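J.: In our numbering, the protein residues as written are 2 to 83.
Below you'll find the structure I mean.
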């Protein structure tokens, strides 16, 4: 997905928690249950401007991302993949 020129990737994955054993040091991976996790990647290159100008651009871009994600949340999963 691309918002304001920011490449955005949200991918779902799974992980297993570990359980601390009685010795308090050893951890054993619990493979009986998998838990969902999501990875967020944002990427955009800003070429021109002073630090202050670029920070303003970043803030505006991130606000646009937040607004778009709120719209996606309200519309449901069909928008997630775009």
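Think of the CB as a built atom: it goes at the ideal place given N, C-alpha and C, for glycine as much as any other residue.
The structure displayed is predicted, hence computed values, not measured ones.
What residue does the alpha helix (DSSP H) around residue 42 start on, and which one ends it?
T.: Where residue 42 is concerned, there is no enclosing alpha helix (DSSP H), although the beta strand (DSSP E) it sits in stretches over 36-44.
J.: Would you mind giving the Cβ-Cβ distance between residue 22 and residue 29, rounded to the nearest angstrom? I have them listed as a contact below 8 Å.
T.: With a Cβ gap of about 6 Å, residue 22 and residue 29 count as contacting.
J.: Hey, how far is the Cα of residue 40 from the Cα of residue 57?
T.: Computed Cα separation, rounded: 25 Å.
J.: For residue 72 and residue 62, I'd like the C-alpha separation in whole angstroms.
T.: Cα to Cα, the separation comes out at about 15 Å.
J.: Ignore the nearest five residues each way along the sequence and tell me which others in residue 69's own chain have a CB closer than 7 Å to its CB.
T.: These residues qualify, in order along the chain: 4.
J.: Any idea which residues DSSP pairs residue 55 with across the strands?
T.: Paired residues: none, contrary to the question.
J.: Could you check which residue in 26, 55, 38, 25 has the C-alpha nearest to that of residue 17?
T.: That would be 38, whose Cα lies nearest to the Cα of residue 17.
J.: Whose C-alpha, out of 19, 59, 2, is nearest the C-alpha of residue 50?
T.: Cα-wise, what sits closest to residue 50 is 59.
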